[in-house]
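In this note's numbering, the protein residues as written are 1 to 141. Ideal Cβ positions, reconstructed from N, Cα and C, are used throughout, including at glycine.
Structural data, given as structure tokens:
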């Protein structure tokens, strides 16, 4: 896994444990879909008033017919999968007023998680409510 952070001082207001769970679910899927010793890249950057986390893997692409079912509960293509990882991630991201976008083709798949930098109606986080993603982005609760 390779991490690329545009700005190491990037901070996002969120529920840190939940957002970390959503990103971990997506990262695990990327790792499992990659060939042995394949590269999975996690990128974090700010674009206007949003933070964008992207998980991209080089491996098999997602067939077009599968794309529309990715976030359905219990839909899985894995022998031992539950089909709950992506629906849970989607629910968490939506609870942060964000969205997940998927691009796939030519043996490359990328999941892009986009959430607002600030959560409306939330007080500024206390220092004790900070967590950092593996990519080095501060998640502020």
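DSSP state of residue i mapped onto helix, strand, coil
| i | result |
| --- | --- |
| residue 37 | coil |
| residue 30 | helix |
| residue 83 | coil |
| residue 66 | helix |
| residue 72 | coil |
| residue 3 | strand |
| residue 45 | strand |
| residue 107 | coil |
| residue 17 | helix |
| residue 126 | Reliability of the predicted coordinates at residue 126 is poor, the pLDDT of 47 falling under 50, and the value obtained from them is presented with this limitation in mind. Note: residue 126 maps to coil in three-state DSSP. |
Per DSSP, the bridge partner or partners of residue i
| i | result |
| --- | --- |
| residue 114 | 52 and 99 |
| residue 57 | 40 and 109 |
| residue 93 | Answer by DSSP bridge pairing: none, since residue 93 is not bridged. |
CA nearest to the CA of residue i, picked from the options
| i | options | result |
| --- | --- | --- |
| residue 116 | 36, 96 and 103 | 96 |
| residue 113 | 17, 8 and 27 | 27 |
| residue 91 | 108, 23 and 11 | 23 |
| residue 40 | 83, 4, 118 and 77 | 4 |
| residue 86 | 38, 21 and 8 | 21 |
| residue 93 | 48, 66, 103 and 52 | 52 |
| residue 102 | 77, 14, 64 and 32 | 64 |
| residue 30 | 72, 54 and 79 | 54 |
| residue 38 | 80, 100 and 1 | 1 |
Tell me whether the segment 57-65 and the segment 98-112 touch, counting them as touching only if at least three CB pairs, one residue from each stretch, are closer than 8 Å. yes
Below 8 Å, how does it come out for the segment 31-47 and the segment 4-16: are there three or more Cβ pairs, yes or no? yes
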